[in-house]
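If you want my numbering, it's the position in the sequence shown, counting the first as 1, plus 50. Cβ atoms here follow ideal geometry from the backbone N, Cα and C, with glycine treated the same way. What you are looking at is a predicted structure, and each value in this text was computed from that prediction instead of being measured.
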Amino acid sequence: MYSFQQSEQLNLFLLSLGAGFVLGVVYDILRTIRLTISKGKAIIFIFDILYFLIFSLATFLFFLAVNKGEFRSYMILGEILGFIFYYVSFGIAAKTFTDAFVKAIHKIFSFLLKIILAPFKAIFRVFSHIKAKISQFFKKLQKKYEKNRKKHLPKLRLYVYNLLGIFGKQQNVKKKEGYNDEEKTS
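1. State whether the stretch 85-100 contacts the stretch 148-155, with contact taken as three or more CB pairs (one from each stretch) at a distance under 8 Å.
2. In the DSSP assignment, find the unbroken alpha helix (DSSP H) run with Phe71 in it and report its ends.
3. According to DSSP, is Gly119 helix, strand or coil?
4. Got a sec? Which residues, its chain only, sit under 8 Å from Leu247 by beta carbon, not counting five neighbours each side?
5. Please return the same chain residues whose Cβ sits closer than 6 Å to the Cβ of Ala144, not counting the five positions on each side in sequence.
6. Confirm, please, whether the CB-CB distance from Val116 to Leu65 is below 9 Å.
7. Say whether the stretch 67-76 touches the stretch 125-138, bearing in mind that this needs 3 or more beta-carbon pairs closer than 8 Å, one atom from each stretch.
8. Assuming Phe63 and Gly128 are in contact, meaning their beta carbons sit under 8 Å apart, how far apart are those beta carbons, in whole angstroms?
9. Please state whether DSSP places Ser139 in a helix, a strand or coil.
10. When you compare only the Cα positions, how much space is there between Met51 and Phe95?
11. Can you name, in chain order, every residue of its own chain whose Cβ lies under 8 Å from the Cβ of Leu67, other than the five neighbours on each side?
12. Flag this pair as yes or no: are the beta carbons of Ala69 and Phe112 separated by less than 9 Å?
13. With a threshold of 9 Å between beta carbons, is Glu120 in contact with chain D?
14. Do Thr109 and Ile93 have their C-beta atoms closer together than 9 Å?
15. Going by beta carbon distance, what residues of the same chain come within less than 8 Å of His156, once the five residues before and after it are set aside?
16. Quick one: Cα of Ser236 to Cα of Leu191, how far?
17. Going by beta-carbon coordinates alone, are Gln56 and Arg122 separated by less than 9 Å?
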């Protein structure tokens with residue numbers, strides 16, 4: 051372990067302020083992407099987790115590159131102060147700019163979506179019209195069927211399946227009893 055001079059510590063602190071400032075910019079970029087995708091709580095949670103993973107990885111790599119992997123609390127403090135400095139100064143201007151940008155993106159995408167969906171809406175209207183015509187046709191058929199349904203075939207005691215022997219036991223019983231359908235119907 052070696053000791054740092056005050057000038058080196060000051061340089062590391064200023065570098066960590068810059069790293070925190072850059073991480074603030076990364077936060078605004080992720081915020082803009084998140085707002086363009088959705089405003090749901092699940093998306094916010096996912097992007098916050100993603101940001102903290104990026105923040106921790108960047109801090110680790112920063113410590114490796116600048117301080118040979120040694121942990122210094124003033125460097126963490128410098129990153130946090132750099133982020134806060136960005137957030138209260140440039141972050142406010144960036145927030146208003148990104149909000150306007152997101153609104154413009156949403157308007158553009160909604161306009162493009164209307165243009166893209168217009169042919170599909172027209173096709174849907176045509177098919178719904180055809181569906182309505184087919185539905186009317188089948189309703190007429192159903193009414194006609196309901197009207198003609200009352201005209202059944204006469205009920206006979208002798209059915210085709212009895213003649214074919216599917217229910218052979220019934221035929222045998224009827225023959226033993228001397229039952230004849232032709233006699234009963236006449």
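Judging by the given coordinates:
1. The stretch 85-100, when compared against the stretch 148-155, does touch it at the 8 Å Cβ threshold.
2. For Phe71, the enclosing alpha helix (DSSP H) covers residues 56-87.
3. Coil, per DSSP.
4. Residue 247 cannot be examined here, being either before or after the span of the chain that is shown, 51 to 236.
5. Apart from sequence neighbours up to five positions away, the residues of its chain that approach Ala144 with a beta-carbon distance below 6 Å are Asp78, ordered along the chain.
6. Cβ distance < 9 Å, so Leu65 and Val116 count as in contact.
7. The way I'd put it, the stretch 67-76 does touch the stretch 125-138; three or more beta-carbon pairs between them come closer than 8 Å.
8. Contact between Phe63 and Gly128 holds: CB atoms are separated by about 5 Å, below the 8 Å threshold.
9. Residue state, collapsed to three classes: coil.
10. Below a pLDDT of 50, predicted positions are generally treated as unreliable, and Met51, at 48, falls in that range; the measurement from the model is reported next regardless. Computed Cα separation, rounded: 40 Å.
11. Here Leu67 has Gly128, Glu129, Leu131, Gly132, Phe135 as same chain residues with Cβ atoms under 8 Å from its own Cβ, once five neighbours each way along the sequence are excluded.
12. Yes. Within cutoff.
13. Of the protein chains in the structure, only one exists, and it is not chain D.
14. In this structure, Ile93 does not lie closer than 9 Å to Thr109 by Cβ.
15. Only Thr86 meet the Cβ criterion.
16. With a pLDDT of 45 at Ser236, under the threshold of 50, the modelled position of this residue cannot be trusted, and the question is left open.
17. No.
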